[in-house]
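Chains as they are written, first to last, in full-length UniProt numbering: chain A, 1 to 201; chain B, 1 to 201.
Data block below; observations after.
Protein chains: 2
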Amino acid sequence: MSTTEPKRRGRRPQGADTKEALLTSAREVFAEQGYDGATVRAIAGNAGVDPAMVNHWFGGKEGLFTAAVQIPINPAEVICEVLDGPREQIGQRIIRRFVTAWDGVGGGQFAALIRSVAGNEQAVAMLREFVQNVLFNRLVAALGVDRGEMRVALCGSQLVGLGMARYVVRIEPLASADVDTVAATVGPNLQRYLIGDLDLA
Amino acid sequence: MSTTEPKRRGRRPQGADTKEALLTSAREVFAEQGYDGATVRAIAGNAGVDPAMVNHWFGGKEGLFTAAVQIPINPAEVICEVLDGPREQIGQRIIRRFVTAWDGVGGGQFAALIRSVAGNEQAVAMLREFVQNVLFNRLVAALGVDRGEMRVALCGSQLVGLGMARYVVRIEPLASADVDTVAATVGPNLQRYLIGDLDLA
Numbered sequence: 001m002s003t004t005e006p007k008r009r010g011r012r013p014q015g016a017d018t019k020e021a022l023l024t025s026a027r028e029v030f031a032e033q034g035y036d037g038a039t040v041r042a043i044a045g046n047a048g049v050d051p052a053m054v055n056h057w058f059g060g061k062e063g064l065f066t067a068a069v070q071i072p073i074n075p076a077e078v079i080c081e082v083l084d085g086p087r088e089q090i091g092q093r094i095i096r097r098f099v100t101a102w103d104g105v106g107g108g109q110f111a112a113l114i115r116s117v118a119g120n121e122q123a124v125a126m127l128r129e130f131v132q133n134v135l136f137n138r139l140v141a142a143l144g145v146d147r148g149e150m151r152v153a154l155c156g157s158q159l160v161g162l163g164m165a166r167y168v169v170r171i172e173p174l175a176s177a178d179v180d181t182v183a184a185t186v187g188p189n190l191q192r193y194l195i196g197d198l199d200l201a
Numbered sequence: 001m002s003t004t005e006p007k008r009r010g011r012r013p014q015g016a017d018t019k020e021a022l023l024t025s026a027r028e029v030f031a032e033q034g035y036d037g038a039t040v041r042a043i044a045g046n047a048g049v050d051p052a053m054v055n056h057w058f059g060g061k062e063g064l065f066t067a068a069v070q071i072p073i074n075p076a077e078v079i080c081e082v083l084d085g086p087r088e089q090i091g092q093r094i095i096r097r098f099v100t101a102w103d104g105v106g107g108g109q110f111a112a113l114i115r116s117v118a119g120n121e122q123a124v125a126m127l128r129e130f131v132q133n134v135l136f137n138r139l140v141a142a143l144g145v146d147r148g149e150m151r152v153a154l155c156g157s158q159l160v161g162l163g164m165a166r167y168v169v170r171i172e173p174l175a176s177a178d179v180d181t182v183a184a185t186v187g188p189n190l191q192r193y194l195i196g197d198l199d200l201a
């Protein structure tokens, strides 16, 4: 549609094309270089677009990444919210945020994420980058705990598993449980992964 | 190959056909009726095969189910092994068994399972049946704990998540950790789900 439409009709189709080109390029470059290695310049260059368009459409590298990975979570916002409150309830706050965000988009989007992850390496690399470098590494660094990498991986395993159980496999009563129940039952486990003793008692 | 081959050449191709027909039928009938509702008679009838062939090829309904769902675990054996030993280390024994089984088949089979689950409802129903009715319901019943259904769902979430993190998303250091490390770090969390206090402290 956009290619046949005359350009003088307005900026929108062109803008939408630019946005789409940046998202496609972002998925390629982030998957190849990782979140830290990928630069706005490289992504824009690969898309044949002015780097300023990244700020214009996505507010920067992180916004572009989040849009590209199609996860309904703003990492900076989540990290702020999660760290704001009693340290002994961080696990619960994360679960609450996770469930609210995915319930909000209907859960089907989580299944779509898993489908894409199961099907191709690029999506796997993107999800790994999101869980590790964009979300949990910063959180773990802010908490000042030991064995940070292992904690990040363990938290990732529980969150991905919770999403699978609630939205994909739909195991009851977890699939229909309200947010409070999920936070109360899963929260303490995430808490142990984040700041608890990881070795055997 | 099997249809063009003359029958007098031996039983094998015919046997393999019977086995395949039973597996296909099993996936349909189990997904529709659930593990408890599906009968050997119905599955064999749907495959156009003598019900005795189920015992012959799979040793019974459970063996057929396990083969159909393509999970490298013998539920009856696992339940026995897991219950045999100190109650306070059940979580660790389950993790140890889970990781050993999937590591043994190379992990790629777990990714294949997730791909099939993400792609169709039949596979979803099969996995749900396996986690709930074939494996964990029996385990939870044997342990005599309250809130059994929720415990089953929570255990399922952690095991599926561990498989995703280790074999699909491959988050390090969890992806390469040895069995002892995984059992020590994840085991206590499974333990809480199985026999711990599920409410907030």
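Here a beta-carbon is modelled for each residue, glycine too, at the ideal position from N, C-alpha and C.
query, result
"8 Å Cβ shell around Asn189(A) - same chain, five flanking residues per side excluded", "Gly91, Gln158"
"Ala118(B) versus Met126(B) - alpha carbon distance", "12 Å"
"Where Ser157(B) meets chain A, residues with beta-carbon distance less than 8 Å", "Gln158, Gly161, Leu162, Met164, Ala165, Arg166, Ile171, Leu174, Val186"
"Neighbour flag for residue 202(A) against chain B, beta carbons, 7 Å", "Lying before the first or after the last residue shown, residue 202(A) is absent from chain A, which here runs from 1 to 201."
"Sequence ranges, alpha helix (DSSP H) only - wholly within the UniProt domain \"HTH tetR-type\" (16-76) of chain A, length at least 4", "40-47, 52-58, 61-69"
"Chain B contact for Met53(A) (CB, 7 Å cutoff)", "no"
"Residues in the region 104-133 of chain A having any Cβ partner in chain B nearer than 8 Å", "Ala111, Ile114, Arg115, Val117, Ala118, Gly119, Val124, Leu127, Arg128, Val131, Gln132"
"Proximal chain A residues relative to Arg27(B), where beta-carbon distance stays under 7 Å", "In chain order: nothing, as chain A lies at least about 16 Å away."
"DSSP state of Ala125(A) mapped onto helix, strand, coil", "helix"
"Contacting residues, own chain, Cβ-Cβ under 6 Å from Leu139(B) (five flanking each side not counted)", "Ile79"
"Buried versus exposed call for Thr18(A) [16 or more other C-beta atoms within 10 Å across all chains shown]", "buried"
"Outcome for Arg41(B) when other beta-carbon atoms lying within 10 angstroms are tallied against a minimum of 16", "exposed"
"7 Å Cβ cutoff met for Leu64(B) and Val54(B)", "yes"
"Selected residue, minimal CA-CA separation from Gly15(A), among His56(A), Glu32(A), Arg192(A)", "His56(A)"
"C-beta contact flag for Val131(A) and Gly148(A) at 7 Å", "no"
"Interface residues of chain B facing Asp199(A) [CB-CB closer than 7 Å]", "Ala184"
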